[in-house]
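Single-structure report; data block below.
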Amino acid sequence: MVDLNAAAWSSPIRAEDVPEKGRHVNLVADETARDAVAKLAKVDAVSDLKASFDVSPRGAGLHVGGRVTATVRQKCVVSLEPIENRIDEEIAVSFSPHITDAPQHREDDEEVETNMITDGPEPLIDGTVDLGGLAVEFLLLGIDPYPRKEGVAFEPPKDAKDDPGPFAALAALKKKQ
Numbered sequence: 001m002v003d004l005n006a007a008a009w010s011s012p013i014r015a016e017d018v019p020e021k022g023r024h025v026n027l028v029a030d031e032t033a034r035d036a037v038a039k040l041a042k043v044d045a046v047s048d049l050k051a052s053f054d055v056s057p058r059g060a061g062l063h064v065g066g067r068v069t070a071t072v073r074q075k076c077v078v079s080l081e082p083i084e085n086r087i088d089e090e091i092a093v094s095f096s097p098h099i100t101d102a103p104q105h106r107e108d109d110e111e112v113e114t115n116m117i118t119d120g121p122e123p124l125i126d127g128t129v130d131l132g133g134l135a136v137e138f139l140l141l142g143i144d145p146y147p148r149k150e151g152v153a154f155e156p157p158k159d160a161k162d163d164p165g166p167f168a169a170l171a172a173l174k175k176k177q
């Protein structure tokens, strides 16, 4: 399976390349990456896409904290006019080589309690974390799926007030009975 986030913007870092005191990484997406992210996000354009990370060892894995910022051009869902939204998402994810990517299936039918408040670590695959793919993932989570231009509100068409509606004919039949 291809990781679409990584295909849009990739910047891998190996756990073995992170010193004990940690490493700070700044990323700035080029035009090709921004266009790929815009296509993946199904928005008109992504500009000024940047990410800043503090990567530190955590046991056999890594902890990645930071931010992703960008300006996203979308269409208003009401007026269809182009609007720009600023995205600023905080990132905090731990990675562990001891986590498998596939969920483990239980032999019995017992219910398993899960803690939905805190997520566990993500799998550290081949000792590498793709910081670009991680930034894209959090950027996608921050995009408003129903953007509205300020001051725009949906109003029904003016002639809709005079429309008797689809059940007016049924109401007329009921009155005849």
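According to the numbering used here, the residues represented by the sequence shown are 1 to 177, in order. Where a beta carbon is used, it is the ideal one built from N, C-alpha and C, also for glycine. No experiment lies behind these values; they were computed from the predicted model shown.
Note on the stretch 121-166: whole alpha helix (DSSP H) runs with a minimum of 4 residues are 131-142, in chain order. Where D54 is concerned, there is no enclosing alpha helix (DSSP H), although the beta strand (DSSP E) around it starts and stops at 45-58. Residue P145 holds the alpha-carbon nearest to the alpha-carbon of Q74 among S56, D17, G151, P145.
Secondary structure note for E84: it is in no alpha helix (DSSP H), and the uninterrupted beta strand (DSSP E) holding it is 82-96. If you check the CB distance, L124 and S96 come in under 7 Å. L134 and I143 have their alpha carbons spaced roughly 15 Å apart. For L173, same chain residues with a beta-carbon under 8 Å away, outside a window of 5 residues either side, do not exist. The C-beta of V28 has fewer than 16 other C-beta atoms within 10 Å across all chains shown, which makes the residue exposed.
Annotation: A92 to C76 spans about 30 Å, alpha carbon to alpha carbon. For K174, there is no enclosing beta strand (DSSP E); the residue is found in the alpha helix (DSSP H) stretching over 168-176. Put simply, the backbone Cα of A51 is about 7 Å away from that of G66.
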